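These notes are about the structure you will find just below.
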Amino acid sequence: MIILTGFAGLFLFFNKNVKQGSVCVNNFCFQVKIAKTPQELVNGLMFRKSLEQNKGMLFIFEKEDNYPFWMKNTLIPLDIIWINSNSKVVFISESQPCPPAQTGQSSICPSINPFADAKYVLEINAGLSKKIGLKLGDTVIIK
C-alpha cells in the first residue's frame, strides 16, 4: 500500500496538470485542491470564507523537510496535518484564523512549526481531525 501511495504522490508531483485529488485516512476521504507551484504553496487557503466539510488543500513539496505554516490572511479555522514521505501523519495542529489587519492596525500571526519533516501538508476544516480520530502515525492514502 505504501508503494502505491508513493506512486500516487509521484504522479501528482510530476503531472503539472493535476490540480485536484483525494486524501483518505481512517475511512474518510477529502477532495483536495493540490498546491505545488510556488504561488499556490504561498497562498494556500488565504482569504477563503468557507470550506466544505469534505474539502481541503494538499500541499506537495519537492523534498521532505520541516515546513512551518503561517496562517496570515486565513479567515477560517483549520486543522493542519503534516505527512511524511512514508504517508504517515507526523504532526497535527488545530489552528485559528489570522485575518488581515484592519487599516492602521497590525496583525500578529505566529508560525506553526511541526518540528517534524514532511513531504505533504493537508489543510481541512478545524475539528475534523478529532472527529475522524486522526492521530500521529496514521497512514494517509493520497490519490
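For the sequence shown, my numbering begins at -11 and goes up steadily by one.
Ideal Cβ placement from N, Cα and C applies to all residues, glycine included.
These numbers come from a predicted model, not from an experiment.
I need the DSSP call for residue i, collapsed to helix, strand or coil.
i   : result
N54 : coil
V11 : strand
N31 : helix
Note down the Cα distance separating residue i from residue j, rounded to an integer number of angstroms.
i    : j    : result
F35  : T127 : 30 Å
E96  : N54  : Note on residue identity: the sequence assigns Ile, not Glu, to residue 96. Using only the alpha carbons, I get a separation of about 22 Å.
K131 : L122 : 18 Å
Just tell me which of the options has its CA closest to the CA of residue i.
i    : options               : result
A106 : E52, V13 and P65      : E52
C17  : M45, K24, C97 and W58 : M45
V77  : Q27, I68 and Q84      : I68
T62  : V11, G125 and K37     : K37
Classify residue i as buried or exposed, calling it buried when 16 or more other Cβ atoms lie within 10 Å of its own Cβ.
i    : result
S99  : exposed
I103 : Residue identity check: residue 103 is Phe in the sequence provided, not Ile. It is exposed - the Cβ of F103 has fewer than 16 other Cβ atoms within 10 Å.
E111 : buried
T25  : exposed
Over the uninterrupted alpha helix (DSSP H) stretch that includes residue i, give me the two end residues.
i    : result
S117 : L116 to K119
Grab the span of the beta strand (DSSP E) containing residue i for me, first residue to last.
i    : result
K21  : F16 to A23
E111 : A106 to N113
L66  : L66 to I71
Taking only beta-carbon positions, decide if residue i is within less than 9 Å of chain B.
i   : result
P87 : In summary, chain B is missing from the structure at hand, where a single protein chain is found.
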